[in-house]
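Below you'll find the structure, written out as structure tokens, and then a few comments.
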Amino acid sequence: GSGSGDQGKSAGGDKKKLVIAGIYKAGDQVWFIDEGKAAEKAAKEMGASDFLFIDAKMNPDTYLQAIDNVIAQKVDGVVTCIPDQKLSKVTVEKLKQAGIPVVAADDALQDESGKKLAPWVGINAYKIGQVNGEWMANYAKTNGFDKDNQAGLLILTMDTVSSCVPRTQGEEEKFKELLPGFSGDRIFKADYNGETDKGFNGAAAIFTAHPEIKKWMVMTANEEGAVGAVRALEQAGLDKSSCVIGLGGYLAKDEFKKEYSAMKAATYFSSDAVGGTSVKVLMNYILKKEEMPMETAVDAAIVTKDNYKQIMGKNAE
Amino acid sequence: MKNVLEFKAITKYFPGVKALDDISFTAEGGEVLTFLGENGAGKSTLLKVLNGDYQPTSGQYLLNGEVRHFSNPKEAIEAGISVIYQERQILMEVSVAENIFVGRLPVGKLGLVDRKRLNQAAKKIIDEFGLPIAPDKKVKELSVAHQQMVEIMKAYSRELKVIAFDEPTASLCDSEIDILFKIIEKLKQEGKVIIYVSHRMKELRQIADKVAIFKDGRFVKLVRQQEVSEQEMIRLMVGRDLGDVFKELNRNTELGEVLLEVRNLCSDRVRQISFQLHKGEILGFSGLVGAGRTEVMRAIIGADRIKAGEVLLEGKPAFSQSPGEAIQKGIVMVPEDRKTQGILPNMTVGANISISILGNILNSFHLIQEEKEALIIEENIRLLNIKTPHAGKNIVELSGGNQQKAILARWLITEPKVLILDEPTKGIDVGAKAEFYKLICDIARQGVGVLLISSELPEIIGLSDRIIIMKNGRMTGEVSREEAAEDKLLAYAMLDEGEKQYA
Amino acid sequence: MLKWDHITQKIETDKLGLIVALVALVIIFSFFNSNYLSSANLINILVAASLPGLVAIGETYLIIAGLCDLSTGSVAAFASVLAAVLMQKGLSFFPMLLVVIGAGILVGYINAWAVNKIKLESFIATLATMSIFRGFAYIICDGKPVYIMDSTFIDFGKERILGLPIPVIILLLAFLLFGIILAKTRFGRSVYVVGGSKNAARLAGLDPERITNVLFMLTGALSALGGIILGARMSSGQPAASVGLEFDAITAAVLGGTAFTGGVGTIFGTVLGVLILQGFNTGLIMLNVPVFWQFVARGMLLFIALAFDFLRKKNREKKLLEQSMALLEQKEPPVKTTPA
Amino acid sequence: MLKWDHITQKIETDKLGLIVALVALVIIFSFFNSNYLSSANLINILVAASLPGLVAIGETYLIIAGLCDLSTGSVAAFASVLAAVLMQKGLSFFPMLLVVIGAGILVGYINAWAVNKIKLESFIATLATMSIFRGFAYIICDGKPVYIMDSTFIDFGKERILGLPIPVIILLLAFLLFGIILAKTRFGRSVYVVGGSKNAARLAGLDPERITNVLFMLTGALSALGGIILGARMSSGQPAASVGLEFDAITAAVLGGTAFTGGVGTIFGTVLGVLILQGFNTGLIMLNVPVFWQFVARGMLLFIALAFDFLRKKNREKKLLEQSMALLEQKEPPVKTTPA
Ligand SMILES: Nc1ncnc2c1ncn2[C@@H]1O[C@H](COP(=O)(O)OP(=O)(O)OP(=O)(O)O)[C@@H](O)[C@H]1O
Ligand SMILES: Nc1ncnc2c1ncn2[C@@H]1O[C@H](COP(=O)(O)OP(=O)(O)OP(=O)(O)O)[C@@H](O)[C@H]1O
Ligand SMILES: O[C@@H]1[C@@H](O)[C@H](O)OC[C@H]1O
Ligand SMILES: [Mg+2]
Ligand SMILES: [Mg+2]
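Protein chains in written order, with the numbering used here: chain B, 92 to 408; chain E, 20 to 522; chain S, 704 to 1043; chain H, 704 to 1043.
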């Protein structure tokens, strides 16, 4: 049974090798690389002998194989960011059956109704979006973009990556909520695949398609896209009058280092925090049988040219 | 100046085969040396060794007294050696001119190819050959015969000391052969070493000064063509007397009822073709290359679309959508161009033979009965005595003539009603030909109807009960075997529309 | 007496090298991680292999016939979504199975049509359908993965018979069935023939267009079946799933000795290829090889395995030559000189 | 230089269909969005085309020679990262340029080596290097995009000469240069010859291995250059960039009439192909076609364009045949009857 399995492990935790696995949907992205590193550090500090970093390559099949694999390896605990939340049930079932505790990182393990199926550590993708939307709405107000019909909003969506869809939804809905007056025909969208130059192409096409718009506000689904938008604004010669908000901060920090960049802000949510915390929660359960809190929110802060060094600390380098 | 090429103890092994066994002889410039030998005797291999395509297992050759070794054809070409292969090695997608001058395209300033000069140079050679070919035309648009001629021009256009022709006339007709022989004569005057491989004794008589006879990879003898009788040469190569092949044929005397009837057949390339083929009859088709004989046959077996007309087999409509259908009905064809239409490349000899009868050797689970298949294959390799170490050898590794035999075997084993043969003895040695002629007559006697296309007049005259002559996609005449004579056939072949007359 | 392996080229179908490679892999990995050889893990490998394995069968047939299909990954994803949607719409399992596999066959038919009728290179034709059906996979679910609730469907992905999960059983049966068809039937033989020269094949009485048709439809069906299995295992239809599947499948086939030049290949070889590939991937994860190095390792595997294979072939030919030289010196008739 | 009638005739015979297609696209798109034809947008299209365009040149050469290179996308990403890293390490722009392009050439050499020496199909060899160099792209920057601060480098991506951004100028020059080399030099012609038949080429005294070498190294160099441009434009080196670039490039070449069967193709055709493809993508975004339908549309474009092309060819052949038959009726010798 599952319980006894855990008993055995926690009992002889110091003698037996204790192994934690981190399965991340896009193990080749900065975000997850850092998250993984932090997780590994935390795990080893708390006495784990090994931390397996597994890349699901944004591929549900690969992800499932990874789950089966760690079960076969009888790891003692799993932290994971799933490529798609519809995989939550399978994940939880399989691991429960194997008696392996799991913590969700970044994207929650939840059912259709949104009910959490496992403890979760991170920032809800929709909330990230809302934070962006709110900042951009305020930016619009302070710069009078809301009434200026030369000002437009561009949202670069990533609709082929289901876990990133809530982000742009959050951005759009929050923005509209705060600026009901902002006319819909000044809100534009283009889709890209998460790569910078595809973001660039998407943005560039929209900019030229709507020369009447001289001041752009751009929100995207990931930071790579935000950088693409910045470059596109520069090519269109609109960067000085426009504003892009990043998402993650891991590229924005370098834009901030330039003496000017249309990237005026970014939501910073530290992957270290997510990585470290997710593992702590897990280890405390495995070792000390401490109850795992169902939600541990890691807060997302807005960083700008002026404050990013303080807030991001070493992550600003 | 006069060139000399000397082979010294050349030996070449292939897995399971000793293709060349200690070959030594000398070829003098200014005379034509022909190779004579059975299929698989090693003629082509020796030429491939000569031009650096294959490396000899041992031995060497001297050009004008100095030992040469070529690790690839490029070096051989640079040394003035050109070999025209038995299997066409032409570049379909580029122009005639570029084929002729490939690797040596004339360049102008800035190193850009000078097309004008290229085409002029090509035109010059084409005119020298006296052929109606446009230099800037893509080779794939030429008839097989003209493709062959372009290959010859390619070799001819080079700085030459030695030139070797490996069965060049297999896909040529008389007019082109005449051209070729004129060219060879010219090369002879210039003192080049000329090697000429052919299975056609007639040609040998025409141009050979000396004949090098091979047997089973061994060099048998070098003789002066004038001094040795044909029979003698054949005995040396085959090991026995053949006598007058055609006289000794035990041919079919009484023909059966009408087997195949073709009425006003029209396809893209042929017009108004009508004829009857009787059970047990061998009906020959004569004409110049390009007359459309192949196209008639292709239409009959459904390889080309029929535009009009009908095909009747044993009185019943036998129109075929595809060769597959024709085969079902018992109409099979040995195609003209072995390389592109005959062999199934990267398949084994065995699979190449059995492909036509797999349907007949399935067990109750519809699985191929491999033992049976193997038996049939072995039997036919023996019957046509195809020279191969084993049936598992890739067919492209067989000698040209042996490949042809394998294709023949493929169709003979289907026990067809109508057997169509398009240049069937292309590349087959005299001994094998004699055997093959016997075989055809036996088949005919069993009531099979045979449609025979051949550009070798003696063959078509010697075998056919009746001969239809074609030109420009139409029938221009028909003669019975009694009155069949070369001049007559040629006359009809030249005939023009309207002057059509039947003997 | 002439042996069967004389009819199909033995040299080409010799698989010893691969088997050695596979064994070597297993030994190495299990040396570093004792769990590698655990039945649980072996079953994982087979389950993981089920989708690429099924597709690899189709690719093997196609490549032997001188074709290939790049749309298989998209078709699998499309199938998984279609299946989920149909179930949601209240269709029950088996009818759904038929419809989805039918859809796969239809895609195959479209590919074949493009190749036969508008004479596209299969690479290009299927590059187009790859994009088209990825699109449809997203469209029919508006980009949102679809849950699968039906228990029959879900069990289909994990129930075990004789200790083997259904996907694995399907895979093994497919290997067996299509292995026999390819090696022992008339149709199988004609696949090899078409791989050589379509023109000659046609004159030899075969119907290359028909064969092309059947092969693409077969591959479409297998991809769809694989997609259904995937859906069952994920208990959801995923439009973004199995990107690049086609390359895993093709890689497996090529690892197994199927040659892009056409006319050469066996299902047995492909089985080995699939096992090596999947076993390798799993091993890399278990050895906790850094993600980035896994890219390198996978590429290297392909290189090394094929180089190894190449050298062995060369070697064998050399030996064969020497043998026959020795034997021929003793003036034996050539037929006996090639070892059975 | 080419004579004018020669050009027009060439265009008429092969490329007219494509030109029509391109014009049609432009008209349709600009009908729906008047800004489609704005110089700003045309420049967007050309800038976006710079990377796939450069790579497409290499692929065109390779495909004509009967080869192809799937590693170009990885090489471009690898190059962009390597460039950024080198600059960070304090190398200045032009030395960096040399080193990175050198690296690209090296990759090309490896591909050629695998094809020449271990006789791998180019498809497979480059499938392996595709994975290997994607890996290295990540490894040299530990997966983190590397920022480029150097102004020379960044300007390289956006500075304008005569109103055209440098990437565009490079692209146009490359098209011109390699167009001439392919069509008018000995080397260029030998590429076609090798594509026709390696063996025939060898027997004619050419050196297919050398040509293979040069072509892969050229493609490697172009991919690396493209990667540098990408890096400059994004002012960062990104290991995850340009996934699938190789297929865009190959698609462009094929759209332009380059045939996978080898021996056929022109750079002019590829230029058209690149423009059609990029113009189409941009158009889809401007018309804001739902992303999922964009997949479908792109696939369809390939289908329709090629089908259209096929029908035109068929038509032309039919005409030719009829002509020659007509002449046959006039009792001309057959050979004269197929006009040049
Ligand atoms: N590439 C090869 N691999 C293996 N065996 C070969 C190869 N080429 C030729 N052989 C063998 O060498 C022997 C001689 O072949 P070759 O082609 O020289 O005969 P040939 O005299 O030209 O016959 P033909 O008159 O039919 O052209 C044959 O047994 C053939 O099977
Ligand atoms: N690939 C081709 N492209 C264009 N024309 C062709 C092609 N093949 C043959 N032809 C033409 O079709 C006609 C028939 O050619 P073919 O060589 O089949 O005649 P044939 O009477 O069969 O000659 P033979 O059988 O002696 O070679 C000729 O005009 C020839 O030039
Ligand atoms: O998937 C996203 C990734 O795209 C972004 O870059 O970082 C956070 C992850 O959740
Ligand atoms: Mg020969
Ligand atoms: Mg003919």
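Backbone N, C-alpha and C define an ideal beta-carbon position, used for all residues, glycine too.
Quantities reported herein were computed from a predicted structural model and do not represent experimental measurements.
What would DSSP say about residue i, mapped onto helix, strand or coil?
i	result
E:Glu329	strand
S:Phe890	helix
E:Gln74	coil
H:Thr973	helix
H:Gly846	coil
H:Lys822	coil
H:Met704	Per-residue confidence for H:Met704 stands at a pLDDT of 40, beneath the threshold of 50, marking its modelled position as unreliable; the derived number appears in the next sentence. Note: H:Met704 maps to coil in three-state DSSP.
B:Ile393	strand
E:Cys285	strand
E:Thr188	helix
B:Thr311	strand
S:Gln1026	helix
H:Cys771	coil
Anything in chain B within Cβ reach of residue i, meaning under 7 Å, just list it in chain order.
i	result
H:Met989	Ala296 and Ala300
S:Arg936	Leu155
S:Leu933	Asp152
Going by DSSP, which residues form a beta bridge with residue i?
i	result
E:Leu381	E:Ile387
E:Tyr32	E:Lys37
E:Ile296	Note on residue identity: the sequence assigns Leu, not Ile, to residue 296 of chain E. DSSP lists E:Leu279 as partners of E:Leu296.
E:Thr64	Bridge partners of E:Thr64: none, in fact.
B:Val212	B:Ala196 and B:Thr387
E:Thr367	E:Asn413
Which residues of chain S have a Cβ atom closer than 7 Å to the Cβ of residue i, listed in chain order?
i	result
B:Ala163	Asn738, Ser741, Ala743, Asn744 and Asn747
E:Leu363	Val896, Gly899, Ser900, Ala903, Ala904 and Ala907
E:Met366	Tyr895, Val896, Gly899 and Gly966
Provide the residue span of the alpha helix (DSSP H) that contains residue i, from first to last.
i	result
S:Asp951	Leu948 to Leu958
B:Glu386	Where B:Glu386 is concerned, there is no enclosing alpha helix (DSSP H), although the beta strand (DSSP E) it sits in stretches over Glu386 to Ala388.
E:Lys207	Asp193 to Gln208
E:Thr313	Arg312 to Ile319
List, in order along the chain, the chain H residues whose C-beta lies closer than 7 Å to that of residue i?
i	result
B:Val358	Residue identity check: residue 358 of chain B is Thr in the sequence provided, not Val. None at all; the shortest Cβ gap to chain H is about 18 Å.
Could you tell me if residue i is buried or exposed, where buried requires 16 or more neighbouring beta carbons within 10 angstroms of its beta carbon?
i	result
S:Arg892	buried
H:Asp951	buried
B:Pro210	buried
E:Lys298	buried
H:Thr775	buried
Find the residues of chain H that neighbour residue i, judging by a C-beta separation of less than 9 Å, and give them in chain order.
i	result
B:Asn280	The question names Asn, but residue 280 of chain B in the sequence shown is Lys. What B:Lys280 touches in chain H: Asn991.
Over the uninterrupted beta strand (DSSP E) stretch that includes residue i, give me the two end residues.
i	result
S:Met937	Careful: S:Met937 lies outside any beta strand (DSSP E), inside the alpha helix (DSSP H) at Pro911 to Met937.
Chain H partners of residue i, CB-CB under 8 Å?
i	result
S:Thr922	Neighbours of S:Thr922 on chain H: none; closest Cβ ~17 Å, over 8 Å.
S:Glu824	Val957, Ala962, Phe963 and Thr964
So residue i contacts chain E; which residues on that side make the cut at Cβ distance below 9 Å?
i	result
H:Leu1046	In the structure displayed, chain H extends from 704 to 1043; residue 1046 of chain H sits before or after that span and is not available.
Under 9 Å between beta-carbons, which chain B residues line up against residue i? List them in chain order, please.
i	result
H:Thr775	Correct list: empty, because the minimum Cβ distance to chain B is about 15 Å.
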